[in-house]
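Written out below as structure tokens is the structure these notes cover.
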Amino acid sequence: MKQIILALAAIIATATAALAHSKAEETNPANRATVESVEAIELRFDDPMRVTAITLIGPDGELEITREIGLDPVTAFRAKPPENMPAGAYTVDWRGLSSDGHPMQGTFEFTVAN
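If you read the sequence shown in the numbering used here, its first letter stands for residue 28, the second for the next number, and so on.
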């Protein structure tokens with residue numbers, strides 16, 4: 028009986044791990060950080076993620092950013108924002124597909140100081 032319980036526990040633990048989706052573990056700039064300048068927008072995921080869309084919205088509306096990585100699944104995503112971003116509040120919205128094909132999305136905010 029003890030072996031059956033251990034076997035079931037192992038199956039449940041494995042199934043739970045398999046159902047987990049990628050998530051952004053770290054961003055740069057950090058969420059709610061105040062920075063002097065921004066050289067790159069970076070996202071780090073716990074599992075490979077195919078980032079399908081990323082938007083940077085600043086005090087004057089949406090800004091153009093350049094992806095440094097294509098659409099391949101990655102654990103580290105990087106995009107280049109415009110140079111000399113004006114002071115103010117910024118929001119990054121991203122969407123992607125986790126390695127199991129589920130759509131994921133997230134948002135983080137930061138402020139560029141004067």
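Beta carbons: idealized from backbone N, C-alpha and C, even for Gly.
Original post:
Counting Cβ pairs closer than 8 Å, one from the segment 75-92 and one from the segment 103-117, do we hit at least three?
Top reply: Yes, the segment 75-92 touches the segment 103-117.
Subject >> Thr41 in three-state terms, based on DSSP >> reply: Any reading at Thr41 needs caution, since the residue's pLDDT is 45, under 50, leaving its predicted position unreliable; the model's value is listed next. Reduced to three states, the DSSP call for Thr41 is helix.
**OP:** Express the C-alpha separation of Phe135 and Asn141 in angstroms, rounding to a whole number.
**Re:** Their backbone Cα atoms lie some 20 Å apart in a straight line.
Subject >> Cross-strand partners of Glu89 (DSSP beta bridge) >> reply: Ile84
**OP:** Can you say whether Ile68 is buried or exposed, counting buried as having 16 or more other CB atoms within 10 angstroms of its CB?
**Re:** buried
Original post:
Distance, Cα to Cα, Thr61 vs Gly128?
Top reply: 34 Å
Subject >> Residue of Ala116, Ala57 and Pro100 minimising C-alpha distance to Ser126 >> reply: Pro100
Original post:
Apart from the five residues on each side of it in sequence, which residues of its chain come closer than 8 Å, Cβ to Cβ, to Pro113?
Top reply: Gly85, Pro86, Asp87 and Val139
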